[in-house]
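> Numbering (the numbering used here), first residue to last: -13 to 186. All residues carry an ideal CB built from backbone N, CA and C; glycine is no exception. Just so you know, these numbers come straight off a predicted model, no measurement behind them. Dropping the structure in here first, questions after.
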Amino acid sequence: MKAAREFVVNTLVGGIFIVVPVYLAIVLLLKGMQSAARLVKPFAAMVPDWLPAETFFSLLLVLLACFLVGAAVRTKAGRAIREKMEKVFFERLPGYGLLRSLTQRLAGDTEESAWQPALSEIEDALVPSFIIEELADGRYTVFVPSIPTPFAGAVYVLARERVHPVDVPFTQAVRTISRWGSGSGEMVAAMRSPTSGPTA
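Pasting the structure below:
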């Protein structure tokens, strides 16, 4: 009964972590398109009525705005402004830093050190895990996901020698977990020395 309850809760939490960000992104996109519709009306009026020009131009304008913002934050000045905003506003939100690290990992940011795939020694076994941070005393905070839900599980603080970073992409580690451990052999083969520390 307890195992069934844990399975339902972990699966539900994992689904929420996937559905909620997607839902919020869609809502924000639709809101942005509604605001942009006023700006594109003059251009849409020049297109035949049978074409959904207003919707198309609104979507195009929102995507262009997102692209320009993304390009701006890649500049030196843009990065400085983004970091300032994060420190003043966003980092005060619970879980923002961890969510940002996860998002950057999903986007393939190789400079992000959090969520480094690893194999951790729990009792007498090696379990797929993610290094969240390194503590001042050299120990690691690791997140051990609950199979097959990658984003629900337990957090451990383990000695450095019990944590073995692996040189595989974050997405590959998530895929292994979501497939009930299929592909773990590649993680074992890519296991590094516990003394080398996590790298992106």
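Count the other CB atoms, across all protein chains shown, that sit within 10 Å of the CB of A57; report buried if there are 16 or more and exposed otherwise.
Under this definition A57 is an exposed residue.
> On the DSSP letters alone, give me the boundaries of the beta strand (DSSP E) that L105 sits inside.
Counting along the chain, the beta strand (DSSP E) containing L105 begins and ends at Q102 to I108.
> Let me know the secondary structure DSSP gives A140 once reduced to three states.
Three-state DSSP puts A140 in a strand.
> From the DSSP output, in three-state form, read off A145 for me.
Coil, per DSSP.
> Secondary structure at I133, three-state DSSP: helix, strand or coil?
Coil, per DSSP.
> Assuming P103 and M173 are in contact, meaning their beta carbons sit under 8 Å apart, how far apart are those beta carbons, in whole angstroms?
The pair is a contact, with the Cβ atoms about 7 Å apart (cut-off 8 Å).
> Please classify G171 as buried or exposed, where buried requires at least 16 other C-beta atoms within 10 Å of its C-beta.
Burial call: exposed.
> Who are A111's beta bridge partners in DSSP?
DSSP output for A111 lists I108 as bridge partner(s).
> Apart from the five residues just before and just after L45, which ones in its own chain have a Cβ nearer than 7 Å to its Cβ?
Hits under 7 Å: M19.
> Output the distance between the C-alpha atoms of F42 and T157, rounded to the nearest integer angstrom.
Cα-Cα distance, rounded: 32 Å.
> Taking the DSSP output, what are the residues bridged to I117?
Note: I117 sits in a beta bridge opposite Q102 and V128.
> Would you mind sorting F53 into buried or exposed? The rule is 16 or more other CB atoms within 10 Å of its CB.
So F53 counts as exposed.
> Under a three-way DSSP split, which group does V8 fall into?
Residue state, collapsed to three classes: helix.
> Excluding five sequence neighbours on each side, which residues of the same chain lie with their C-beta closer than 7 Å to the C-beta of V26?
Cβ neighbours of V26 beyond the five flanking positions: E40, F43, S44 and L47.
> What is the DSSP secondary structure of M32, counted as helix, strand or coil?
Correct three-state label for M32: coil.
> What's the call for S106, buried or exposed, on a 16-neighbour Cβ count within 10 Å?
Answer is buried; the Cβ neighbour count reaches 16.
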